[in-house]
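Undergrad: Here the sequence shown is numbered in this note's numbering, starting from 40 and rising by one per residue.
Here you go, one structure.
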Amino acid sequence: MMEIRISTLFHSLRLKEIELTSDFPIKKQEEREEAREDRARLKEEARVAAEIAAERERLDKERTHIVNALKAIQTSCTNDPSLEEKLASIDDAIARNDYRAANIRAGYVYIISNPGSFGIDVVKIGLTRRLEPMTRVDELGDASVPFRFDVHCFFFGTSFQPLETRRSTGSGFFRLTGEIHTPKCA
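Structural data, given as structure tokens:
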């Protein structure tokens with residue numbers, strides 16, 4: 040009678056090959072998801088850069104009008120404190136805009152809920168680089184949801200993706216359809 044045996048080394052190598060073969064499609068899917076996220080991030084950064092540039096242009100134009108008005112008033116030897124206050128507020132807005140342009144990764148993390156969309160006791164944690172974060176919430180609300188979103192909080196960070204990751208990795212969090220959710224509202 041013939042006796043056939045598989046060596047332990049061959050068996051362990053074969054198991055390793057099977058493991059690597061099964062891991063390959065998972066790794067390819069992860070790479071595709073990372074590439075998709077990178078494309079989405081680059082698209083969002085380009086859109087935000089255009090929004091910041093448009094806001095800067097608008098603020099510069101408004102500042103020029105106010106400076107010209109102040110010069111005209113000063114030539115008539117009068118003073119208008121409301122225009123000076125408006126100029127100071129525009130200078131502050133320009134400084135904030137320049138900060139956002141220099142720190143393109145700065146943005147807002149938001150926590151919203153909508154019982155008609157997500158269900159009761161479920162919140163959405165998202166992020167936006169928009170200058171006005173409520174515009175993102177309004178966009179989400181325009182997406183055929185039955186009720187307006189309830190905004191629980193916004194918080195600003197200079198690098199908001201780690202903020203969102205930290206906030207969403209707490210105990211009890213899980214994902215629904217690729218978005219980070221928590222089962223209980225805090």
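Quick reminder that beta carbons are idealized off the backbone N, C-alpha and C, glycines included.
Remember, it's a predicted structure, so these values are computed and weren't measured experimentally.
Is the beta carbon of G180 sitting closer than 9 Å to the one on N153?
TA: Taking 9 Å as the Cβ cut-off, G180 and N153 qualify as a contacting pair.
Undergrad: Starting from L166, follow its DSSP beta bridges and name the residues at the other end.
TA: Answer by DSSP bridge pairing, in chain order: V148.
Undergrad: Would you mind working out which of S198, E58, A74 and K66 sits nearest Y138, comparing C-alpha positions?
TA: Cα-wise, what sits closest to Y138 is S198.
Undergrad: Hey, would you say L98 sits closer than 9 Å to L126, going by beta carbons?
TA: Not closer than 9 Å, so no.
Undergrad: For L81, tell me which candidate among P185, R168 and P172 has the shortest Cα-Cα distance.
TA: Per the Cα distances, R168.
Undergrad: If I follow the unbroken alpha helix (DSSP H) through D77, where does it start and stop?
TA: Counting along the chain, the alpha helix (DSSP H) containing D77 begins and ends at T47 to T114.
Undergrad: Leaving out the 5 sequence neighbours to the left and right, which residues in its chain are closer than 6 Å to A74 when beta-carbon positions are compared?
TA: Hits under 6 Å: none found.
Undergrad: Where does P64 land, buried or exposed, given buried means 16+ other C-beta within 10 angstroms?
TA: By the neighbour-count rule (16 or more Cβ atoms within 10 Å), P64 is not buried but exposed.
Undergrad: Buried or exposed: which applies to K163, given that a residue is buried once 16 or more other Cβ atoms fall within 10 Å of its Cβ?
TA: Counting Cβ neighbours within 10 Å, K163 comes out buried, since at least 16 surround it.
Undergrad: Compute the Euclidean distance between the alpha carbons of V87 and D62, then round it to the nearest angstrom.
TA: Roughly 37 Å separates the two Cα atoms.
Undergrad: Could you say which of D119, E42, R102 and M173 lies nearest to I151 if we only look at CA atoms?
TA: With distances taken between Cα atoms, I151 lies closest to M173.
Undergrad: Flag this pair as yes or no: are the beta carbons of P185 and G155 separated by less than 9 Å?
TA: Cβ atoms of P185 and G155: closer than 9 Å.
Undergrad: With distance defined between alpha-carbon atoms, name the residue in V148, R144, A140 and E42 nearest to Y93.
TA: For the record, residue 93 in the displayed sequence is Ala; it is not Tyr. Nearest of V148, R144, A140 and E42 to A93, Cα basis: A140.
Undergrad: Quick check on F188: buried or exposed, where buried means 16 or more other Cβ atoms within 10 Å of its Cβ?
TA: So F188 counts as buried.
Undergrad: Using the Cβ count rule (16 or more neighbours within 10 Å means buried), how would you classify I159?
TA: Per the 10 Å Cβ criterion, exposed.
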